[in-house]
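Report on the structure given below.
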Amino acid sequence: MSRRNHLHDEMRWRAVGMLQAGARQSAVARELNAHRSVIHRLWNHYQRDQNASRRLGSGCRRITTTADDRYLLQYARRRRTLTGLTLTGVAAFCCCRKIHVLQTVLRRLHKGGLFTRRPVVCVPLFPAHVRARLHWAHEHRSWTPEQ
Numbered sequence: 001m002s003r004r005n006h007l008h009d010e011m012r013w014r015a016v017g018m019l020q021a022g023a024r025q026s027a028v029a030r031e032l033n034a035h036r037s038v039i040h041r042l043w044n045h046y047q048r049d050q051n052a053s054r055r056l057g058s059g060c061r062r063i064t065t066t067a068d069d070r071y072l073l074q075y076a077r078r079r080r081t082l083t084g085l086t087l088t089g090v091a092a093f094c095c096c097r098k099i100h101v102l103q104t105v106l107r108r109l110h111k112g113g114l115f116t117r118r119p120v121v122c123v124p125l126f127p128a129h130v131r132a133r134l135h136w137a138h139e140h141r142s143w144t145p146e147q
């Protein structure tokens, strides 16, 4: 018969009760038909957190706290002309840790309903081009949408 790689909450608490009563981890694993490493991880988790339920969420931990996110939103609202790269530096300063990814800051701002400025690269115009554009604008000053 195959062994389980995870336990449901009822079984987890039952395993913790058996371990608290003094049973060995291998005996508990045999009793619950679970792998020994599952019981070992459960017991370590219980001793560390005093909780036997499964951990919420998965994946990477958050880089910024909710307070950091609020500060970043407030800072971006006050200084609307800042670009995303500048705000990344501000976020790294306020969080006291290195934020490597610009995408993190953009995602936090987007969640708050803000979007950062993206600097636009403009092609420099020669004086002749400037004069030609100005001449064109003067000629087409009185245009109507029908023309």
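Position one of the sequence shown corresponds to residue 1 (the UniProt record's numbering), numbered consecutively onward. Beta carbons: idealized from backbone N, C-alpha and C, even for Gly.
Can you give the beta carbon distance from Val105 to Gly84, rounded, assuming they're within the 8 Å contact cut?
6 Å
Pull up the distance between the alpha-carbon of Val123 and that of Thr81, whole angstroms please.
21 Å
Apart from the five residues on each side of it in sequence, which residues of its chain come closer than 8 Å, Cβ to Cβ, to Leu7?
Ala15, Leu32, Ala34, Val38 and Leu42
Residue ranges of each alpha helix (DSSP H) run of no fewer than 4 residues wholly in the region 3-70, ordered along the chain?
9-20, 25-32 and 36-49
When you compare the CB positions of Asp68 and Ala52, do they come within less than 8 Å of one another, or not?
no
Going by alpha carbons, who is nearest to Arg118 out of Arg62, Gln103 and Ser26?
Gln103
Can you name the start and end residues of the alpha helix (DSSP H) that Thr104 belongs to?
Leu102 to Lys111
C-alpha distance - Tyr46 paired with Ile63, whole-angstrom precision:
25 Å
Buried or exposed for Arg108, going by 16 or more other Cβ atoms inside 10 Å?
buried
Sequence-distant residues of the same chain with beta carbon closer than 6 Å to Ala29, five excluded per side
Arg36 and Ile39
Is Leu72 buried or exposed, if buried means 16 or more other CB atoms sit within 10 Å of its CB?
buried
Close Cβ partners of Cys94 (< 8 Å) along its chain, the five nearest in sequence each way excluded
Asp68, Tyr71, Leu72 and Tyr75
Here's the rule I'm using: 16 or more other beta-carbon atoms within 10 Å means buried, otherwise exposed. How should Leu125 be labelled?
exposed
Quick one: grab the DSSP three-state call for Arg117.
strand
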